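As you go down the protein sequences, you meet chains A and B in turn. Residue numbering for the first sequence is 24 to 135, as defined by this note's numbering. Residue numbering for the second sequence is 24 to 135, as defined by this note's numbering. So the structure is just underneath, and the comments pick up after that.
2 protein chains.
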Amino acid sequence: MTNLSHPTPVARAVGASGPNTLERHSAEVLKVSTRSRPSAVAGAIAGVIRDSGMAEVQSIGAGATNQAIKAVAIARSYLVEEGIDIVCTPSFIDVAIDEEERTAIRLLVERR
Amino acid sequence: MTNLSHPTPVARAVGASGPNTLERHSAEVLKVSTRSRPSAVAGAIAGVIRDSGMAEVQSIGAGATNQAIKAVAIARSYLVEEGIDIVCTPSFIDVAIDEEERTAIRLLVERR
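Written out as structure tokens, the structure is:
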């Protein structure tokens with residue numbers, strides 16, 4: 024699990040392997056914050072996709088989700104040069120931060 | 024072209040059929056603003072996917088992009104009940120608003 028957010032509390036995924044989540048493979052989880060640099064997150068996504076074919080990006084709030092989706096767009100441009108075509112599937116996921124439940128956006132990124 | 028934003032200026036897509044854009048089919052363009060209701064946008068996405076198999080969602084700024092990605096997540100939940108599995112591919116696109124060029128996020132939504 025790679026944390027790309029800066030000095031934010033450690034988030035623990037709740038229900039990530041629960042009955043409502045279709046985990047076809049385990050995917051590395053990249054946590055993105057408002058202050059994450061999209062190009063840095065993109066590099067991380069591209070690396071995980073090259074290694075395992077699948078990455079999971081999590082964000083909480085509009086600013087972080089915007090950085091996350093920009094990162095996926097940039098990762099696409101990196102990988103398309105290598106002949107790798109990625110798609111993403113967004114969903115909602117409940118995560119616990121400081122014992123409080125928050126709704127995060129989960130972008131599952133995988134080869135088409 | 025359906026405009027789901029409220030009293031915002033009319034956006035005109037620039038370069039949407041330019042040489043850098045891979046348009047495999049023409050997709051209906053849904054413009055999302057910060058004030059768009061994600062469930063309403065989701066219904067529109069689901070309708071366009073049912074009709075044509077492909078929808079394009081455009082947003083400018085973090086708030087609008089957050090609404091757009093939430094809409095895709097909700098549309099996924101609507102369509103999965105009908106056995107339709109959608110994925111999205113984000114990219115950047117330049118759009119002209121009031122003769123000023125802005126960078127929008129373009130989510131191409133299509134059946135897997």
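The beta-carbon is built from N, C-alpha and C at its ideal position, and this holds for glycine as well. Small disclaimer: the values here were computed from a predicted structure and weren't measured.
Neighbourhood of residue i by C-beta distance below 6 Å, restricted to the same chain and skipping five residues each side
| i | result |
| --- | --- |
| residue 131 of chain A | 79, 112 |
| residue 93 of chain B | 61 |
| residue 116 of chain A | 127, 129 |
| residue 57 of chain B | 86, 87 |
| residue 90 of chain A | 55, 59, 61 |
| residue 135 of chain A | 108, 110 |
| residue 71 of chain B | 51, 78 |
Neighbour flag for residue i against chain A, beta carbons, 8 Å
| i | result |
| --- | --- |
| residue 95 of chain B | yes |
| residue 92 of chain B | yes |
| residue 85 of chain B | yes |
| residue 128 of chain B | yes |
DSSP-derived helix/strand/coil call for residue i
| i | result |
| --- | --- |
| residue 127 of chain B | strand |
| residue 83 of chain A | coil |
| residue 75 of chain B | helix |
| residue 100 of chain A | helix |
| residue 13 of chain B | Summary: the structure shown does not reach residue 13 of chain B, with chain B confined to residues 24 through 135, and so no result is reported for it. |
| residue 59 of chain B | coil |
| residue 107 of chain B | coil |
| residue 37 of chain B | For residue 37 of chain B, the predicted model reports a pLDDT of 38, less than 50, meaning its position is unreliable; a value from the coordinates is still stated below. Correct three-state label for residue 37 of chain B: coil. |
| residue 69 of chain A | helix |
8 Å Cβ cutoff, residue i in contact with chain B
| i | result |
| --- | --- |
| residue 99 of chain A | yes |
| residue 110 of chain A | yes |
| residue 120 of chain A | no |
Residue-level contact to chain D via CB, residue i, 8 Å cutoff
| i | result |
| --- | --- |
| residue 114 of chain A | The structure shown contains no chain D; the protein chains it does contain are A and B. |
Rounded Cβ spacing between residue i and residue j (contact assumed at less than 8 Å)
| i | j | result |
| --- | --- | --- |
| residue 81 of chain A | residue 55 of chain A | 7 Å |
| residue 83 of chain A | residue 125 of chain A | 5 Å |
| residue 102 of chain B | residue 50 of chain B | Not a contact, Cβ separation roughly 15 Å. |
| residue 99 of chain B | residue 114 of chain A | 7 Å |
Close beta carbons around residue i, own chain, < 7 Å, minus the five adjacent residues each side
| i | result |
| --- | --- |
| residue 133 of chain A | 76, 77, 109, 110 |
Stretch pair the region 74-94 of chain A + the region 99-110 of chain B: three plus CB contacts closer than 8 Å: no
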